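Student:
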Amino acid sequence: MAFKIFANSGSSQGQQIYEALGRSMAVIEFSLDGKILTANANFLATMGYELGDIVGKQHAIFVTADYAKSPEYKQFWKTLSDGKFVANAFQRVRKDGDTVWLEATYNPILNAAGKPVKVIKFATDITARRKERALNEGILTAIDRSQAMIEFDLTGKILKANGNFLKTMGYSEGEVVGKNHSMFVEPAYAQSTEYKDFWASLRKGDVQAAQFKRLAKGGKEVWLEATYNPIFDQNGKPERVIKLATDITEQVQLLIDLKKMIDTNFTEIDSNIVSLDEAAMSGTSAAAQSSNSVQTVAASAEELSASIAEISRSMAQSRDETERAFSQTVSANQSTQKMADVVAAMTGIVEVIQGIAGQINLLALNATIESARAGEAGKGFAVVANEVKNLANQAAKATDQISAEISGVQEISNEVVNSLETIRGSIETARDSVTSISASVEEQSAVTESVSQNMQTMAVSVDELARRLDEIRSISGGVGSSVKRTREAAEVLTR
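Numbering of the sequence shown is given in UniProt numbering, commencing with residue 1 and proceeding in unit increments.
Here it is in structure tokens:
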């Protein structure tokens with residue numbers, strides 16, 4: 001619908017002006033109590049509403065609940081109802097709850113009698129501009145908190161300085177504002193062509209960035225990592241200079257102390273390198289001598305290893321012969337034992353024969369007695385009985401002699417068994433000793449072989465040591481060159 005702001009002018013020109021404003025600005029109409037009458041498309045787009053969403057509602061839908069209840073808000077509408085316009089940047093709330101900033105004027109519309117009848121608001125969305133300004137202000141605040149900052153005009157006159165700068169330089173603001181930048185430099189430098197060129201470059205708009213030596217209050221030396229930044233006016237011409245600085249005095253002093261320490265340490269390093277070269281040369285000579293000695297020992301170890309190997313073979317043969325002798329002794333002992341068993345068996349047989357002879361003798365005696373009783377008839381039988389008795393006595397004598405011989409054989413057999421048992425024990429002891437000696441010789445052979453191999457390895461290691469010592473001498477020469485270059489770099493570092 002058309003807005004009749006200039007209806008009382010009686011011309012169409014006012015209407016045209018109003019329509020032109022409506023095309024470029026957000027426009028909304030209110031009654032004097034804040035009720036929304038209408039709004040144009042720009043306003044609706046800015047606030048995220050449809051016209052039907054807001055007509056008849058109160059202006060309070062565009063502000064926070066706390067602000068709508070505040071005395072300030074009530075005074076705002078009283079001022080408008082009194083016929084006074086209000087212009088400012090206003091924070092308002094969109095339909096989606098986001099905050100929007102409007103550069104706006106609330107204009108009371110008067111009737112023919114000069115009394116307010118409604119309010120028309122013309123507004124421009126400045127949200128992006130406000131955010132950018134807030135960001136810039138935040139950046140400046142962060143810089144102000146963390147860095148020393150001071151402003152000059154193009155002649156070098158001090159306009160203002162922040163707390164960090166004043167603290168760094170030891171001044172109060174009243175002691176520096178209105179003074180010239182040259183108060184922070186040595187008098188000779190302030191009169192130099194270099195200093196004049198420094199300010200001439202700033203007046204042309206060139207940034208100056210470096211590490212600067214400056215003088216604090218009382219002549220104390222201060223080092224600043226700083227940039228002098230020309231600030232341009234709306235025509236692109238420099239109008240002032242802002243300096244942002246960080247106090248690096250401690251770092252610079254550390255570098256100076258470091259250079260002194262480096263000079264001292266490098267002198268010691270030079271001396272140590274010379275000593276290292278001499279030690280390496282001596283080590284090379286000693287390694288050569290060690291190599292010869294090790295080679296000699298290695299050769300002797302090889303000969304010893306060969307001798308022990310031969311002894312080991314001989315001991316192995318002795319062990320085999322001892323084993324065979326032990327086996328033969330065991331066999332002889334077993335045979336002798338069998339013979340003793342046979343003799344023992346013969347003793348039993350002889351005893352049986354002796355028993356039989358005794359019985360025969362007893363029978364002969366009985367026969368003699370019976371023949372005597374028989375008289376003449378028994379004489380012939382008595383003769384036979386007597387012969388049998390004689391034979392029995394002879395058999396008894398023979399068995400006694402055999403028994404005596406068997407006892408002798410058994411005694412000799414027992415002596416042989418005992419002797420063989422003793423021999424077997426001795427041979428077994430000898431076998432164990434030979435086995436133990438053989439094992440020890442084999443172990444010694446392995447150790448000697450290992451020693452020989454280790455000596456060969458040592459010989460190689462000594463040769464490698466000699467080569468490494470030569471490399472150390474070469475490297476120490478390179479280190480000397482590197483130390484020289486590092487000293488030169490350290491000197492550059494502290495200039």
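Ideal Cβ placement from N, Cα and C applies to all residues, glycine included. All figures in this text were calculated on a predicted structure; none of them were measured in a lab.
Using beta carbons (cut-off 8 Å, strictly below), is residue 228 in contact with chain D?
Tutor: No chain D is part of this structure, which consists of one protein chain only.
Student: For the beta strand (DSSP E) that contains residue 240, what are its first and last residues?
Tutor: Along the sequence shown, read from residue 1 onward, the residue named residue 240 stands at position 240. Segment 238-247, the beta strand (DSSP E) holding residue 240.
Student: Output the distance between the C-alpha atoms of residue 436 and residue 449, rounded to the nearest integer angstrom.
Tutor: Position 436 of the sequence shown holds residue 436. Position 449 of the sequence shown holds residue 449. Whole-angstrom Cα-Cα distance: 20 Å.
Student: Verify whether the separation of the beta carbon atoms of residue 154 and residue 207 is less than 8 Å.
Tutor: For the purposes of this step, residue 154 is taken as residue 154 along the sequence shown, with counting starting at 1. For the purposes of this step, residue 207 is taken as residue 207 along the sequence shown, with counting starting at 1. No, Cβ-Cβ distance for residue 154 and residue 207 is not below 8 Å.
Student: Compute the Euclidean distance between the alpha carbons of residue 210 and residue 226, then round it to the nearest angstrom.
Tutor: Indexing the sequence shown from 1 puts residue 210 at position 210. Indexing the sequence shown from 1 puts residue 226 at position 226. When rounded, the distance between both Cα atoms is 6 Å.
Student: Any heavy atom of the ligand PLP closer than 7 Å to the beta-carbon of residue 223?
Tutor: Among the ligands in the structure shown, none appear at all, so the ligand PLP cannot be discussed.
Student: Less than 8 Å between the CB atoms is what I'm expecting for residue 392 and residue 361, so what's the real figure, rounded?
Tutor: Counting from one through the sequence shown, the residue named residue 392 turns up at place 392. Counting from one through the sequence shown, the residue named residue 361 turns up at place 361. Going by Cβ atoms, the distance from residue 392 to residue 361 rounds to 4 Å, so yes, they are a contact pair.
Student: By Cβ distance, which residues of its chain are closer than 6 Å to residue 119, with the 5 residues on each side in sequence left out?
Tutor: To locate residue 119, count along the sequence shown from 1; it is residue 119. Closer than 6 Å at the Cβ level, and outside the excluded window around residue 119, lie 30, 80, 106 and 108.
Student: Between which two residues does the beta strand (DSSP E) harbouring residue 65 extend?
Tutor: Here residue 65 corresponds to residue number 65 of the sequence shown, with the count starting at 1. Element bounds for residue 65: not the beta strand (DSSP E) but the alpha helix (DSSP H), 65-68.
Student: Where do the ends of the alpha helix (DSSP H) carrying residue 43 lie?
Tutor: Stepping through the sequence shown from its first residue, residue 43 is reached at position 43. From DSSP, the alpha helix (DSSP H) with residue 43 extends over 41-47.
Student: How long is the line joining the alpha carbons of residue 244 and residue 144, rounded to whole angstroms?
Tutor: For the purposes of this step, residue 244 is taken as the residue at position 244 of the sequence shown. For the purposes of this step, residue 144 is taken as the residue at position 144 of the sequence shown. Their backbone Cα atoms lie some 9 Å apart in a straight line.
Student: May I have the straight-line CA-CA distance separating residue 160 from residue 166, to the nearest angstrom?
Tutor: Working through the sequence shown from its first residue, we reach residue 160 at position 160. Working through the sequence shown from its first residue, we reach residue 166 at position 166. Roughly 10 Å between the two C-alpha positions.
Student: According to the neighbour-count rule (16 or more other Cβ atoms, all chains shown, within 10 Å of its Cβ), is residue 271 buried or exposed?
Tutor: For this step, residue 271 is matched to residue 271 along the sequence shown. Residue 271 is exposed by the Cβ-count criterion.
Student: Please report the residue range of the beta strand (DSSP E) in which residue 214 lies.
Tutor: Within the sequence shown, numbered from 1, the residue matching residue 214 stands at position 214. 208-215 is the extent of the beta strand (DSSP E) around residue 214.
Student: Below 8 Å, how does it come out for the region 350-357 and the region 389-405: are there three or more Cβ pairs, yes or no?
Tutor: Enough Cβ pairs lie closer than 8 Å, so yes.
Student: Would residue 36 pass as a contact of residue 17 if the rule is Cβ separation under 8 Å?
Tutor: The residue labelled residue 36 in the question sits at position 36 within the sequence shown. The residue labelled residue 17 in the question sits at position 17 within the sequence shown. No.
Student: Note down the Cα distance separating residue 396 from residue 331, rounded to an integer number of angstroms.
Tutor: Position 396 of the sequence shown holds residue 396. Position 331 of the sequence shown holds residue 331. The straight-line gap from Cα to Cα measures roughly 37 Å.
Student: Three-state secondary structure (DSSP) at residue 189?
Tutor: Start at 1 with the first residue of the sequence shown, and residue 189 comes out as number 189. Three-state result, residue 189: helix.
Student: Apart from the five residues on each side of it in sequence, which residues of its chain come closer than 6 Å, Cβ to Cβ, to residue 103?
Tutor: Numbered from its first residue, the sequence shown carries residue 103 at position 103. Excluding positions up to five away in sequence, the list reads 89, 124 and 126.
Student: Identify whether residue 110 lies in helix, strand or coil by the three-state DSSP scheme.
Tutor: Within the sequence shown, residue 110 is the residue found at index 110, counting from 1. In the structure shown, residue 110 sits in a strand (DSSP, three-state: E or B).
Student: Give the secondary structure of residue 467 by DSSP, where H, G and I count as helix, E and B as strand, and everything else as coil.
Tutor: Indexing the sequence shown from 1 puts residue 467 at position 467. In this structure, residue 467 counts as helix in the three-state DSSP scheme.
Student: Since residue 149 sits in a beta bridge, which residues does DSSP pair it with?
Tutor: By 1-based counting over the sequence shown, the position of residue 149 is 149. Note: residue 149 sits in a beta bridge opposite 244.
Student: Would you mind working out which of 168, 151 and 254 sits nearest residue 220, comparing C-alpha positions?
Tutor: Residue numbering aside, residue 220 sits at position 220 when the sequence shown is read from its first letter. Nearest C-alpha to residue 220: 168.
Student: In terms of alpha-carbon separation, which member of 32, 251 and 327 lies closest to residue 425?
Tutor: Position 425 of the sequence shown holds residue 425. Of the listed residues, the one whose Cα sits closest to residue 425 is 327.
Student: CA-CA distance, residue 324 and residue 453?
Tutor: By 1-based counting over the sequence shown, the position of residue 324 is 324. By 1-based counting over the sequence shown, the position of residue 453 is 453. Near 37 Å, if we compare the C-alpha coordinates of residue 453 and residue 324.
Student: Tell me whether residue 33 sits in a helix, a strand or coil according to DSSP, three-state version.
Tutor: Within the sequence shown, the letter at position 33 stands for residue 33. Looking at residue 33 - three-state DSSP - the assignment turns out to be coil, as it is neither helix nor strand.
Student: Residue 60 and residue 34: beta carbons closer than 8 Å?
Tutor: By 1-based counting over the sequence shown, the position of residue 60 is 60. By 1-based counting over the sequence shown, the position of residue 34 is 34. For residue 60 and residue 34, yes; Cβs fall inside 8 Å.
Student: Can you give me the Cβ contacts of residue 3 inside the same chain, cut-off strictly under 6 Å, excluding the 5 residues immediately before and after it?
Tutor: Start at 1 with the first residue of the sequence shown, and residue 3 comes out as number 3. A caution first: residue 3 carries a pLDDT of 39, below 50, which makes its placement in the model unreliable, though a value can still be read off. 18, listed in sequence order.
Student: Is residue 177 closer than 8 Å to residue 158 when the C-beta atoms are compared?
Tutor: Your numbering for residue 158 matches position 158 in the sequence shown. Your numbering for residue 177 matches position 177 in the sequence shown. Contact: yes.
Student: Skipping 5 residues on each side, what residues in its chain have a beta carbon closer than 7 Å to that of residue 203?
Tutor: As a position in the sequence shown, residue 203 is number 203, starting the count at 1. Correct list, in chain order: 154 and 238.
Student: Which two residues bound the contiguous beta strand (DSSP E) that contains residue 173?
Tutor: In the sequence shown, the residue the question calls residue 173 occupies position 173. Premise fails: residue 173 lies in the alpha helix (DSSP H), 173-176, not in any beta strand (DSSP E).
Student: Hey, residue 100 and residue 64 are a contact pair by Cβ (cut 8 Å); roughly how many whole angstroms apart?
Tutor: Translated into the one-based positions of the sequence shown, residue 100 becomes position 100. Translated into the one-based positions of the sequence shown, residue 64 becomes position 64. With a Cβ gap of about 12 Å, residue 100 and residue 64 do not count as contacting.
Student: Grouping DSSP H, G and I as helix and E and B as strand, with all else coil, what is residue 155?
Tutor: As a first step, residue 155 must be located in the sequence shown, where it is residue number 155. Reduced to three states, the DSSP call for residue 155 is coil.
Student: For residue 564, count neighbouring Cβ atoms within 10 angstroms of its own Cβ and tell me buried if that reaches 16, exposed if not.
Tutor: Any question about residue 564 goes unanswered here, given that the chain covers just 1 to 495.
Student: I'd like the list of long-range same chain contacts for residue 122, defined as Cβ closer than 8 Å, with 5 residues on each side in sequence excluded.
Tutor: Working through the sequence shown from its first residue, we reach residue 122 at position 122. Closer than 8 Å at Cβ, skipping near neighbours: 21, 25, 26, 27, 104, 105 and 107.
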